[in-house]
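Protein chains in written order, with my numbering: chain A, 1111 to 1399; chain B, 495 to 894.
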């Protein structure tokens, strides 16, 4: 009994990591129709920044906002040049551009942070375990679950229930119409890209406590993020959350029963989804005219 | 303004003249040096998953060559290092470049076994003197052995086998669980361990496999926590090893379950320097140890140079240079006499920082001392402390 309770907690914490990784990518892809393959770089940058921060002796909880800001700033600069010039180009051009950039960033980070694997020094308060009956479960993973849930709720609230969210959603539906209302959509896009990159950095900061940081993590995370987005479907917040949960639980429980197959399971789900529901778990309602 | 311009122009002419003059003098000098010098090519992984390991290996060989004053057996040494990105096709391309374009006299390096297997035919066809520094798939010392390919490193069997002996004799013959990375190397380590361990009367319980690059070991660790084995034998390398050990600690299993592993699981530079006290109490069998008597002076020099005690790859780079030096000195630097070089190298053991190394004449595979290391606290942080040495371990070779 306690065995399965802990496995459910394991699945939840892994799902949260997947969701955080996928959110930023999904936001940019669905709002701007822009394929941003530098998302993995944002993740790794956030991971390195938080590890550096936690090692510096400054208040530990600031590591997460600092990682968010660092990646958001990088996103802001990138949006000005060269992303903006590519919004109207084809997806292939966007992929070539952002993939090239991600290779450059991987080299820059290897040069700046070194090729060695780095792990954060977690504060005392996050490094313990709780016991579910007699089975141990790390507090840090509980922290990820809670943090992820709060963040997801906050994002949902902002996008779905506030005027800012309404403006962003309106931009997606009809950008020109929003401009006739006197709103500067360029600026809105800049903010969205920066926030999405910041989310990538924040998930890197959170994930580093479980995954560590090393050259190559950027690519691994990018692939996971792409799978989450493909399974979840574009343009819906609920889709990303549901797909992260589906993938997280499937991969965790295949690890429990047939561990060799856990990666295969994730890819099989993606292939299956592409065949039976190419729009993803939650399809955006598109009004055909 | 005009004055300044004039000076600049005059300087320019002077500089141009000096360059031309230096060129006239310099060119023949350089050409002469190239005739007498000897080129060593090294292919290692400077990007991709093994980037950290590759940098350590490169530093190891550079360090040794600097100690020799870049001269071996009276000949100047030129080192050319290439990156294989840990990809077989890229490795093949780089070996072809070194042999065909750069005309190197000796090729060396290689971390990934897949690369080592892929370049085997390239170096064999070219009849190039080859020293594989680290690629350790068993096949390299068996079916894929080649007359001019020397292997101054271990095979996976040598580590899995000795771990099996140690576990059966010193740890327990029951309550064993294995967990390994689900790819060729992991299967070899665990398979060879299980074979020896069961032959010694041990009984293996559950066997778990995790895909290469597993990010979350939580579900597997929860399974281990519910089985409560007496000890586990494990093989992971690089970031997988770091995550596995860190998460073992996250789940508080490191205090309850003894971990015995392949050397890479507790690599001094690659893993322990990162996971620190999460590695304490771990055991591993490895052909390298920073505390081995043969490694003492080297370990101190490496620590001074890189700020960290050497792991297997840094040491392997250094050992590669030591073996090449011995081979060249035994033929007076005449690298063209390949058969003589081989005969002389196989005839006598070489003193390396791994320990004494002799070569098996059947497959040019090194016969090595294998250390049982325990991770203990030291002044430099957690360190691989030698607690036992299996002397002269020899891979079964072509007969296996």
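Idealized CB from N, CA, C, for every residue including glycine.
- prompt: DSSP three-state call for residue 858 of chain B: helix, strand or coil?
  reply: Residue 858 of chain B falls in the coil class under three-state DSSP.
- prompt: Nearest chain B C-beta to residue 1234 of chain A closer than 9 Å, yes or no?
  reply: no
- prompt: Who are the near neighbours of residue 564 of chain B in its chain, counting only those whose CB is closer than 7 Å to its CB and skipping five residues on each side?
  reply: 570, 571
message: Below 8 Å, how does it come out for the stretch 1283 to 1291 of chain A and the stretch 1147 to 1167 of chain A: are there three or more Cβ pairs, yes or no?
response: No, the stretch 1283 to 1291 of chain A does not touch the stretch 1147 to 1167 of chain A.
query: Hey, residue 786 of chain B and residue 865 of chain B: beta-carbon distance below 9 Å or not?
result: yes
- prompt: Roughly how many whole angstroms lie between the Cα atoms of residue 1114 of chain A and residue 721 of chain B?
  reply: 14 Å
field: Amino acids of chain B, ordered along the chain, whose beta-carbon sits closer than 8 Å to that of residue 1220 of chain A
entry: 541, 545
task: Could you tell me how far apart the beta carbons of residue 580 of chain B and residue 609 of chain B are, in whole angstroms, since I believe they sit closer than 8 Å?
output: 7 Å
- prompt: Can you list, in chain order, the residues of the stretch 708 to 736 of chain B whose Cβ is nearer than 8 Å to any Cβ on chain A?
  reply: 708, 709, 710, 712, 713, 714, 716, 717, 719, 720, 732, 733, 736
field: Under 9 Å by beta carbon: chain A residues contacting residue 704 of chain B
entry: Within chain A, the residues whose beta carbon sits less than 9 Å from that of residue 704 of chain B are 1365, 1369, 1370, 1372, listed in sequence order.
- prompt: Given a limit of 8 Å on CB to CB distance, which residues of the stretch 1117 to 1134 of chain A reach chain B?
  reply: 1117, 1120, 1121, 1123, 1124, 1127
- prompt: Since residue 961 of chain B and residue 672 of chain B are thought to touch, with beta carbons under 8 Å apart, how far apart are those beta carbons, to the nearest angstrom?
  reply: For residue 961 of chain B there is no data in the structure shown, the boundaries of chain B being 495 and 894.
message: Going residue by residue through the stretch 667 to 693 of chain B, where are the continuous beta strand (DSSP E) segments of at least 3 residues, counting only ones entirely within it?
response: The stretch 667 to 693 of chain B contains these whole beta strand (DSSP E) runs: 670 to 675.
message: Using a Cβ-Cβ cutoff of 8 Å, what residues of the stretch 553 to 576 of chain B are near chain A? List them in chain order.
response: Residues of the stretch 553 to 576 of chain B with a C-beta less than 8 Å from any C-beta of chain A: none at all.
task: Using a cut-off of 9 Å between C-beta atoms, extract the partners of residue 1362 of chain A located in chain B.
output: Near residue 1362 of chain A (Cβ distances below 9 Å), the residues of chain B are 710, 712, 713.
query: Can you tell which of B/868, B/764, B/838 has the C-alpha that lies nearest to the C-alpha of residue 854 of chain B?
result: B/838
task: Run the CB neighbour count on residue 649 of chain B, radius 10 Å, all protein chains shown included, and call it buried at 16 or more, exposed below.
output: buried
- prompt: Counting along the chain, where does the beta strand (DSSP E) carrying residue 882 of chain B start and finish?
  reply: 877 to 887
task: Grab me the residues of residue 1125 of chain A's own chain with a C-beta within less than 6 Å of its C-beta, minus the 5 sequence neighbours each way, in chain order.
output: In its chain, beyond the 5 residues on either side, 1354, 1355, 1358 have a beta carbon closer than 6 Å to the beta carbon of residue 1125 of chain A.
- prompt: Using the beta-carbon count (16 or more within 10 Å), is residue 753 of chain B buried or exposed?
  reply: By the neighbour-count rule (16 or more Cβ atoms within 10 Å), residue 753 of chain B is buried.
Limits of the unbroken alpha helix (DSSP H) element including residue 626 of chain B: No alpha helix (DSSP H) contains residue 626 of chain B, which is instead part of the beta strand (DSSP E) from 623 to 626.
task: Note down, in chain order, each residue of its chain lying with its Cβ closer than 6 Å to the Cβ of residue 1300 of chain A, except the 5 sequence neighbours on either side.
output: If we look at residue 1300 of chain A and ignore the five residues flanking it on each side, its Cβ neighbours are 1189.
Where the beta strand (DSSP E) through residue 1120 of chain A begins and ends: Note, residue 1120 of chain A: premise wrong, no beta strand (DSSP E); alpha helix (DSSP H) at 1112 to 1142.
Euclidean distance between Cα positions of residue 437 of chain B and residue 562 of chain B: This structure cannot settle anything about residue 437 of chain B, because the visible part of chain B is limited to 495 through 894.
field: Nearest-angstrom Cβ-Cβ length linking residue 844 of chain B and residue 820 of chain B, presumed shorter than 8 Å
entry: 4 Å
query: Is it true that the CB of residue 708 of chain B sits closer than 9 Å to the CB of residue 737 of chain B?
result: Going by C-beta atoms, residue 737 of chain B is nearer than 9 Å to residue 708 of chain B.
6 Å Cβ shell around residue 743 of chain B - same chain, five flanking residues per side excluded: Once the five neighbours on either side are set aside, the close Cβ partners of residue 743 of chain B are 772.
task: Within the stretch 1297 to 1366 of chain A, note down every full alpha helix (DSSP H) run reaching 4 residues or more, in order along the chain.
output: 1327 to 1342
- prompt: Just the Cα atoms here: how many angstroms apart are residue 1344 of chain A and residue 683 of chain B?
  reply: 44 Å
- prompt: Just to confirm, are residue 1228 of chain A and residue 1161 of chain A a CB contact at a threshold of 9 Å?
  reply: yes
query: So which residues on chain A does residue 549 of chain B lean against when the C-beta distance must stay under 7 Å?
result: 1225
- prompt: Hey, quick one: how far does the alpha helix (DSSP H) through residue 713 of chain B stretch, first residue to last?
  reply: Taken as a continuous stretch (DSSP letters only), the alpha helix (DSSP H) holding residue 713 of chain B covers 712 to 721.
- prompt: Pairing CB atoms from the stretch 655 to 674 of chain B with CB atoms from the stretch 636 to 647 of chain B, are three or more of them under 8 Å?
  reply: no
- request: Determine the chain B residues that contact residue 1321 of chain A at a beta-carbon separation under 7 Å, and present them in chain order.
  value: 709, 737
query: Looking at the unbroken beta strand (DSSP E) that takes in residue 1372 of chain A, where does it start and where does it end?
result: Not the beta strand (DSSP E): residue 1372 of chain A falls in the alpha helix (DSSP H), residues 1372 to 1386.
field: Alpha-carbon to alpha-carbon, residue 1314 of chain A and residue 1123 of chain A
entry: Across the structure, residue 1123 of chain A and residue 1314 of chain A are spaced so that their CA atoms are roughly 14 Å apart.
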